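*Asks:* A single structure is presented below for examination.
Protein chains: 2
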Amino acid sequence: MRYENKPPIVGSYHSATVVRHYKDKPKQDNYMENEIIKYLSKYIPITKEMEDVIIESGFIKSFKKGTILLEEGKMSNECYFIIKGCVRSFHIKDGEEKTTEFYTEEEAVTPSAYGKRTPSAHYLECLEDTLSGVGTPELETELYQKFPQLESLTRALVEAIMAKQQDTIDYFKMSSPEERYLNFIKFRPNLIQRVPQHQIASYLGIKPESLSRIRKRIMK
Amino acid sequence: MRYENKPPIVGSYHSATVVRHYKDKPKQDNYMENEIIKYLSKYIPITKEMEDVIIESGFIKSFKKGTILLEEGKMSNECYFIIKGCVRSFHIKDGEEKTTEFYTEEEAVTPSAYGKRTPSAHYLECLEDTLSGVGTPELETELYQKFPQLESLTRALVEAIMAKQQDTIDYFKMSSPEERYLNFIKFRPNLIQRVPQHQIASYLGIKPESLSRIRKRIMK
DNA sequence: TGTATTTCTTAACTTAAGTCAACGAATTAG
DNA sequence: CTAATTCGTTGACTTAAGTTAAGAAATACA
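Residue numbers (this note's numbering), protein chains in the order written: chain A, 587 to 806; chain B, 587 to 806.
Shown next as structure tokens:
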């Protein structure tokens, strides 16, 4: 059986629809910005002033399911904050897709080549219609200049993500595929319904057939 | 065969020797600070002013081989910048040590519970006599207040580490134990001589016997 | 709605890692 | 410097994942 044997369709940046630009809009009663603020305030208290700056400067785009946000070999100039939808990061190795991460609501997607001079080693694909805040190095620079305190917020946020990432890699190393699957259904139960199982298998570092067997094994 | 079946000996913080405190010392011709500056300047240009602040505020400690810097269940209030030596991070799972990371010269060790209210899930042990810069949340706060631009440096640094960490976890997921070993000897050749093989096996997510077989297999 | 495609499962077989045990080599400690 | 421990390798056997192939179920879409 072959999975994903058609070449990736490149949609990318240009296929995106700019939903709103906040410089043109009064800032009250709106869902999408509040999601971003809600997320940020998990890590550090946000002042009203900060909130305004973030909202004014940000912009939101909508991507169709199947859109490739980033391709291997291309430069990465965007990072994302997912408001609604699901994005998958994957590599192609020996012609096979290797899923390495799933990102959903309230998660930040920063390609590892983002803002660097090196081309990306991985792809980013929308698994669902996705609504997302989009960041660029230019926007970041502008924001940090306007509001230096944001550096502190970002630092705290990135440090928290880094600690979580370290825990993730530690757990992965220490666990068997079966344990990793049990952990997955425990901590990301919604993803089971949202993404194909062979991508989950790949994410767990195994083949789809093995995941099938594991599922049968644990249903006793 | 049993490895590491004796309980870890707790040395920790208090067994450390404070080598120098820079408030008492003229700041010229010295090795250890330059190492730290050299490291930091990989990520962002360092002004003379910043350099002074960092050097003035920092302090260096020396730890004996076998010292446990952090224990499972304990709060983590220190992070480290290794000037000379080697530190291992490991968990204990079902009575077995699971090595998750090795840190050597010019690497920063930030326990994932550092500065948090949650107890550490892992241990940190010096595999060699180790000379290290030691950071604390208090020191950090002091530095950031004195010199807000440092936030920017740290943010850039942590973002770079995070990207590298993402690459690491991606590679680990995509690769077989054999590939991981080949990758290890390619990118961290010095560690092969410095740390016991069964710890490397654990780091690669396999048992010592399997690593032995892999080594035999690839020597043809 | 029906057909094509993708996705998931099962089976038989292969390969490699885990387990248990033994032994020699290297290292450490007294 | 010797004894004890730790470490690395090997062998025999077990277990689980990879591979190949086929077919059923679900999904997409024309």
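Ideal placement from N, C-alpha and C gives every residue a C-beta, glycine not left out.
Keep in mind it's a predicted model, so treat the numbers as computed, not measured.
Taking Cβ positions only, does threonine 690/B come closer than 8 Å to chain A?
*Replies:* Here residue 690/B refers to the residue found at position 104 when the second sequence is read from its first residue. Taking Cβ atoms only, chain A never reaches closer than 8 Å to threonine 690/B, which makes this a no.
*Asks:* Which same chain residues, not among the five before or five after tyrosine 789/A, have their C-beta less than 8 Å away from its C-beta?
*Replies:* For the purposes of this step, residue 789/A is taken as residue 203 along the first sequence, with counting starting at 1. Thr685, Thr686, Glu687, Phe688, Phe770, listed in sequence order.
*Asks:* Let me confirm a value: glutamine 783/A is counted as buried when at least 16 other C-beta atoms fall within 10 Å, else exposed. Which label applies?
*Replies:* The residue you call residue 783/A lines up with position 197 of the first sequence. Exposed, because fewer than 16 other Cβ atoms sit within 10 Å of the Cβ of glutamine 783/A.
*Asks:* Between the segment 711-720 of chain B and the segment 659-671 of chain B, are three or more C-beta pairs nearer than 8 Å?
*Replies:* Flag = yes, the segment 711-720 of chain B and the segment 659-671 of chain B touch.
*Asks:* Could you compute how far the alpha carbon of serine 698/A sits from the alpha carbon of glutamate 657/B?
*Replies:* Taking the first sequence and counting its residues from 1, one reaches residue 698/A at position 112. Taking the second sequence and counting its residues from 1, one reaches residue 657/B at position 71. Taking the straight line joining both Cα atoms gives about 31 Å.
*Asks:* How big is the Cα-Cα spacing for glutamate 664/B and glutamate 714/A?
*Replies:* To locate residue 664/B, count along the second sequence from 1; it is residue 78. To locate residue 714/A, count along the first sequence from 1; it is residue 128. Going from the Cα of glutamate 664/B to the Cα of glutamate 714/A covers about 42 Å.
*Asks:* Output yes if chain B places a C-beta closer than 8 Å to the C-beta of glycine 791/A; else output no.
*Replies:* On the first sequence, position 205 is the one that residue 791/A refers to. By this cut-off, glycine 791/A is an interface position.
*Asks:* Mind checking if proline 734/B is an interface residue toward chain A, Cβ cutoff 8 Å exclusive?
*Replies:* One-based indexing of the second sequence puts residue 734/B at position 148. By this cut-off, proline 734/B is an interface position.
*Asks:* To the nearest angstrom, how far is the alpha carbon of isoleucine 755/A from that of isoleucine 755/B?
*Replies:* Translated into the one-based positions of the first sequence, residue 755/A becomes position 169. Translated into the one-based positions of the second sequence, residue 755/B becomes position 169. Approximately 6 Å, taken between the alpha carbons.
*Asks:* Have a look at Leu768/A, Phe758/A, Gly659/A and flag the residue whose alpha-carbon is nearest the alpha-carbon of lysine 802/A.
*Replies:* Residue numbering aside, residue 802/A sits at position 216 when the first sequence is read from its first letter. Nearest option by C-alpha distance: Leu768/A.
*Asks:* Under 8 Å, with one C-beta from each stretch per pair, do the segment 735-743 of chain B and the segment 730-740 of chain A reach the 3-pair mark?
*Replies:* Touching, yes.
*Asks:* Please list, in chain order, the chain A residues whose beta carbon lies closer than 7 Å to that of aspartate 744/B.
*Replies:* As a working mapping, residue 744/B is identified with position 158 in the second sequence. Per the sequence shown, the amino acid found at residue 744/B is valine instead of aspartate. Per Cβ cutoff of 7 Å: Arg741, Val744, Glu745, Met748.
*Asks:* Report the three-state DSSP secondary structure of threonine 696/B (helix, strand or coil).
*Replies:* Within the second sequence, numbered from 1, the residue matching residue 696/B stands at position 110. Coil, per DSSP.
*Asks:* Counting C-beta neighbours from all protein chains within 10 Å, is the total for glutamate 795/B 16 or more, i.e. buried, or is it exposed?
*Replies:* As a first step, residue 795/B must be located in the second sequence, where it is residue number 209. With fewer than 16 Cβ atoms within 10 Å of its Cβ, glutamate 795/B is classed as exposed.
*Asks:* Compare the C-beta of lysine 759/B against all C-beta atoms of chain A and say whether one is closer than 8 Å.
*Replies:* To locate residue 759/B, count along the second sequence from 1; it is residue 173. It does: the Cβ of lysine 759/B has a partner Cβ on chain A nearer than 8 Å.
*Asks:* Would you kindly work out how many angstroms separate the C-alpha atoms of valine 673/A and isoleucine 792/B, rounded to a whole number?
*Replies:* The residue you call residue 673/A lines up with position 87 of the first sequence. The residue you call residue 792/B lines up with position 206 of the second sequence. Near 31 Å, if we compare the C-alpha coordinates of isoleucine 792/B and valine 673/A.
*Asks:* Taking the alpha carbon of glutamate 682/B as the reference point, which residue from Arg703/B, Met661/B, Tyr709/B has its own alpha carbon closest?
*Replies:* As a first step, residue 682/B must be located in the second sequence, where it is residue number 96. Among Arg703/B, Met661/B, Tyr709/B, the Cα nearest to that of glutamate 682/B belongs to Tyr709/B.
*Asks:* By alpha-carbon positions, which one of Arg780/A, Ala746/A, Lys750/A, Tyr700/A ends up nearest to serine 627/A?
*Replies:* Here the question's residue 627/A lines up with position 41 in the first sequence. When each option's Cα is compared against that of serine 627/A, the closest is Ala746/A.
*Asks:* Given a threshold of 16 other Cβ atoms within 10 Å of its Cβ, counted over all protein chains shown, does isoleucine 804/A qualify as buried or as exposed?
*Replies:* Locating residue 804/A in the first sequence gives position 218, counting from the first residue. Isoleucine 804/A is exposed by the Cβ-count criterion.
*Asks:* Taking only three categories from DSSP, how would you classify histidine 607/B?
*Replies:* Position 21 of the second sequence, counted from the start, is the residue given in the question as residue 607/B. Low per-residue confidence applies at histidine 607/B: pLDDT is 36, beneath 50, and the placement is therefore not dependable enough to give any value.
*Asks:* Enumerate, from N- to C-terminal direction, the unbroken beta strand (DSSP E) stretches of 3 or more residues contained entirely within the segment 687-768 of chain B.
*Replies:* For the segment 687-768 of chain B, whole beta strand (DSSP E) runs of length 3 or above, ordered along the chain, are 709-712, 716-721.
*Asks:* Identify which residue in Lys759/A, Lys772/A, Arg799/A, Glu765/A has its Cα closest to the Cα of phenylalanine 676/B.
*Replies:* If you number the second sequence from 1, residue 676/B lands on position 90. Residue Lys759/A is the option with its Cα nearest to phenylalanine 676/B.
*Asks:* Given that threonine 633/B touches chain A, what residues does it touch there, using C-beta distances under 9 Å?
*Replies:* Translated into positions along the second sequence, residue 633/B becomes position 47. Those do not exist, as threonine 633/B stays about 16 Å from chain A at its closest Cβ, beyond 9 Å.
*Asks:* Taking 7 Å as the limit between beta carbons, can you name the residues of its chain near glutamate 693/B, skipping five residues before and five after?
*Replies:* Here residue 693/B corresponds to residue number 107 of the second sequence, with the count starting at 1. Only Ile668 meet the Cβ criterion.
*Asks:* Closer than 8 Å between beta carbons: that is the criterion. Which residues of the segment 707-730 of chain B meet it against chain A?
*Replies:* Flagged, chain order: Ala707, His708, Tyr730.
*Asks:* Could you please give the first and the last residue of the uninterrupted beta strand (DSSP E) stretch that includes lysine 679/A?
*Replies:* Counting from one through the first sequence, the residue named residue 679/A turns up at place 93. Per DSSP, lysine 679/A belongs to the beta strand (DSSP E) from 673-679.
*Asks:* So the candidates are Lys732/A, Leu797/A, Arg766/A; which of them puts its Cα closest to the Cα of glutamate 635/A?
*Replies:* Looking up residue 635/A in the first sequence gives position 49. Of Lys732/A, Leu797/A, Arg766/A, the residue nearest in Cα terms is Lys732/A.
*Asks:* In three-state DSSP terms, what is lysine 772/A?
*Replies:* Within the first sequence, the letter at position 186 stands for residue 772/A. Helix.
*Asks:* Measure the beta-carbon distance from glycine 652/A to serine 706/A and round it to whole angstroms, keeping in mind my assumption that it falls under 8 Å.
*Replies:* Within the first sequence, the letter at position 66 stands for residue 652/A. Within the first sequence, the letter at position 120 stands for residue 706/A. The pair is not a contact, with the Cβ atoms about 18 Å apart (cut-off 8 Å).
*Asks:* Quick one: what's lysine 670/A bridged to in DSSP?
*Replies:* Taking the first sequence and counting its residues from 1, one reaches residue 670/A at position 84. In DSSP, lysine 670/A forms a bridge with Leu717/A.
*Asks:* Cβ closer than 9 Å: which chain A residues qualify as neighbours of glutamate 737/B?
*Replies:* As a working note, residue 737/B is residue 151 in the second sequence. The answer, in chain order, is Pro734, Gln735, Glu737, Ser738, Thr740, Arg741.
*Asks:* In the DSSP assignment, what are the bridge partners of isoleucine 654/B?
*Replies:* For the purposes of this step, residue 654/B is identified with residue 68 of the second sequence, where counting begins at 1. Note: isoleucine 654/B sits in a beta bridge opposite Glu711/B.
*Asks:* Can you tell me where the alpha helix (DSSP H) with leucine 797/A in it begins and where it stops?
*Replies:* For this step, residue 797/A is matched to residue 211 along the first sequence. Segment 794-804, the alpha helix (DSSP H) holding leucine 797/A.
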